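Asker: Quick one: this structure, given as structure tokens, is what I'll be asking you about.
Residue numbers (the working numbering): 180 to 421.
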């Protein structure tokens, strides 16, 4: 598979880049380009999938390969691993996301970023019953306050997206499942940030302690996007308890 780098318009910053540190390379698409192709092993994963799923799977991996190319890595299959998490090349961390009309991937070297998680959602109200299913009582209370005092934003969707980004950041570090009810999210409306307090004991694969994450959120052009990037110095602070 050959992969040509796509030039980026210098005057337009990618939406996802607005909430990621410079150590992370990101690529996004609003369409499904014909040059987005899959390796045979990837094709096998979605052989029985509907066309929508195949297009999402193909384009988001196209984004990931373009991002990896910016780090100097050649094209390679990006297959789902444990619990569906993508298996990245050695010494690389990454995350992928897609929703209607948007696909994005973010990657970094492990020397610069310990873990990264991104999520994109349509900026719409969550379907009936979903907020009650994913939110803790304290989160519901905070959501009610935000919905009353900061109208025009679907805070329930931001909460959902933040929880998705928390899981995508958590799992590569721990290799363990994390339920919606196992992280308490506080959204800061004025700073475009959120804090996730883990409600279960968390330890990385190498024994470091995890107590929570901080991330960023953005509403832009009909999308909600959230992102977490754990830098080495932040990881060290968690491990020594400072």
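Every residue gets a Cβ at the ideal spot worked out from N, C-alpha and C, and that includes glycine.
The model shown is predicted, which means the values in this text are computed figures rather than measured ones.
1) Inspect the beta-carbon positions of residue 364 and residue 325 and report whether they are closer than 8 Å.
2) Any Cβ of chain B within less than 8 Å of the Cβ of residue 334?
3) Could you check what DSSP says for residue 141 in three-state terms: helix, strand or coil?
4) So which of 296, 373, 256, 198 has the shortest CA-CA distance to residue 218?
5) Rounded to a whole number of angstroms, what is the C-alpha to C-alpha distance between residue 294 and residue 201?
6) Return the chain-ordered ranges of every beta strand (DSSP E) run that is complete within the stretch 357 to 382 and spans a minimum of 3 residues.
7) Applying the 10 Å Cβ sphere with the 16-neighbour rule, what's the burial state of residue 370?
8) Report buried or exposed for residue 376, applying the criterion of at least 16 other Cβ atoms within 10 angstroms of its Cβ.
9) Could you have a look at residue 246 and say whether DSSP puts it in helix, strand or coil?
10) In the structure shown, what three-state DSSP assignment does residue 300 receive?
11) Using only CA atoms, which one of 338, 312, 309 lies nearest to residue 322?
12) For residue 317, count neighbouring C-beta atoms within 10 Å of its own C-beta (all shown protein chains included) and say buried if the count is 16 or more, exposed if not.
13) Note down, in chain order, each residue of its chain lying with its Cβ closer than 7 Å to the Cβ of residue 378, except the 5 sequence neighbours on either side.
14) Can you give me the C-alpha to C-alpha distance between residue 296 and residue 336, rounded to a whole angstrom?
15) Between the alpha carbons of residue 289 and residue 237, how many angstroms are there, rounded?
16) Count the other C-beta atoms from every protein chain shown that fall within 10 angstroms of the C-beta of residue 353, then say buried if there are 16 or more, exposed otherwise.
17) Just the Cα atoms here: how many angstroms apart are residue 251 and residue 300?
18) Skipping 5 residues on each side, what residues in its chain have a beta carbon closer than 6 Å to that of residue 207?
Answerer: This is what the structure holds:
1) Between residue 364 and residue 325, the C-beta spacing is not below 8 Å.
2) Looking at the structure shown, chain B is missing, and only one protein chain is on hand.
3) Here the chain covers residues 180 to 421 and nothing more, so residue 141 does not appear.
4) Closest option to residue 218, Cα to Cα, is 256.
5) For the pair residue 294 and residue 201, the Cα-to-Cα distance works out to about 14 Å.
6) If one requires a minimum length of 3 residues, the beta strand (DSSP E) runs lying completely within the stretch 357 to 382 are 362 to 367, 372 to 382, in chain order.
7) Exposed, since its Cβ has fewer than 16 Cβ neighbours within 10 Å.
8) Counting Cβ neighbours within 10 Å, residue 376 comes out exposed, since fewer than 16 surround it.
9) Residue 246 falls in the helix class under three-state DSSP.
10) DSSP, reduced to helix, strand and coil, places residue 300 within a strand of the structure shown.
11) Distance from the Cα of residue 322 is smallest, within the candidate group 338, 312, 309, for 338.
12) A residue is called buried once 16 or more other Cβ atoms fall within 10 Å of its Cβ, and residue 317, having fewer, is exposed.
13) The residues 361, 362, 363, in chain order, have a CB closer than 7 Å to that of residue 378 in the same chain once the five nearest residues on each side in sequence are set aside.
14) In a straight line, the C-alpha of residue 296 is about 16 Å away from that of residue 336.
15) So the two alpha carbons sit approximately 25 Å from each other.
16) Looking at its Cβ environment, which holds 16 or more other Cβ atoms inside 10 Å, residue 353 is buried.
17) About 30 Å.
18) Close CB contacts of residue 207 within its chain, under the 6 Å cut and outside five residues either way in sequence, are with 193, 195, 283 (chain order).
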